[in-house]
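With mature numbering (1 follows the signal peptide of the UniProt record, and there is no 0) as the guide, the letters of the sequence shown map in order to residues -36 to -1, 1 to 154. In this text, a Cβ means the ideal position worked out from N, Cα and C, and glycines have one as well. Values in this document were obtained by computation on a predicted structure and should not be read as measured data.
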Amino acid sequence: MQHRAKKFSTRAKAIASAAAVAAVGAGVAGAFSASADTTSAAPAAAPIAVGSEATTTSAHLTADAATRAARAALDAAEQEGQRVTVAVVDRNGNTVVTLRGDGAGPQSYESAVRKAFTAVAWNAPTSELAERLENAPNLKDIPGTLFLGGGAPVAHDDAPIAGIGVAGAPSGDLDEKFARAGVAALGDGR
């Protein structure tokens, strides 16, 4: 049994082609007219000005200052033969700069960032905060924190503006010593 393909007439081919072109054209025209129709859109609302009593201004550590602090902390560690990572975070806990020293362990990166965040969040050295865990052990459950020595806050007019975290030395005391060297590179840090 042989199947013979039916031949379409020229007229059928022309009608099918015209229908396909019309469908594509309608879709394109509809998409164009939908994106071009701005006359029915509501006018944009004008910005509303708020008074100064509704806003606040805060100081931030510059990227250059953060880099200078991180470099000072890393240099202090290298002078003592320690392989560490240094992180500087802003007041909101966002990492501004991280320097990973030659040979620093893989865990040191995240630990340095978390120590820096913890120091700025509480405006206190992380070694002091670690001591608070005895009375409030749930503090360690706060996301992003690390209550081990090695984090030092940076403050301006007694308000925290950054944190410096160091990780990788054999003790939190050494890590914190290097973090404080970073703060010292910024002046008195207070």
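Assuming Ser91 and Gly136 form a contact by the criterion Cβ under 8 angstroms, report the distance between their Cβ atoms to the nearest whole angstrom. 6 angstroms
If you count every other CB in all the chains shown that lies within 10 Å of the CB of Arg55, and 16 or more means buried, which is it? buried
Sequence-distant residues of the same chain with beta carbon closer than 8 angstroms to Phe(-5), five excluded per side: At Phe(-5) the pLDDT is 49, less than 50, meaning the model places this residue with poor confidence; the figure from the coordinates comes in the next sentence. Taken in chain order, the list of residues that qualify is empty.
Identity of the residue in Pro117, Ala18, Glu17 and Gly67 nearest Val84 by Cα: Pro117
How long is the line joining the alpha carbons of Phe111 and Val50, rounded to whole angstroms? 16 angstroms
If the criterion is Cβ atoms closer than 9 angstroms, does the pair Ala123 and Asn99 meet it? no
Buried or exposed for Arg78, going by 16 or more other Cβ atoms inside 10 Å? buried
Beta carbon of Gly129 nearer than 9 angstroms to that of Asp139: yes
Between the C-alpha atoms of Gly146 and Ala10, what's the straight-line distance to the nearest angstrom? 46 angstroms
Roughly how many angstroms lie between the CA atoms of Ala149 and Ala29, to the nearest whole one? 9 angstroms
What did DSSP end up calling Ala8 once you bin it into helix, strand or coil? coil
How many Å lie between Phe142 and Pro101 at the Cα? 27 angstroms
Locate the alpha helix (DSSP H) running through Ala126, then write down its first and last residues. Where Ala126 is concerned, there is no enclosing alpha helix (DSSP H), although the beta strand (DSSP E) it sits in stretches over Ala123 to Ala131.
If we ignore side chains and look at the alpha-carbon of each, how far apart do Val61 and Asp121 end up? 23 angstroms
Using the DSSP secondary-structure output, state which residues sit across from Val84 in a beta bridge. According to DSSP, which records beta bridges pairwise, Val84 is partnered with nothing at all.
For Gly115, list the residues DSSP reports as bridge partners. Gly129
Exposed unless 16 or more other CB atoms sit within 10 angstroms - verdict on Leu63: buried
Please state if the CB of Gln43 and the CB of Gly65 are separated by a distance shorter than 9 angstroms. no
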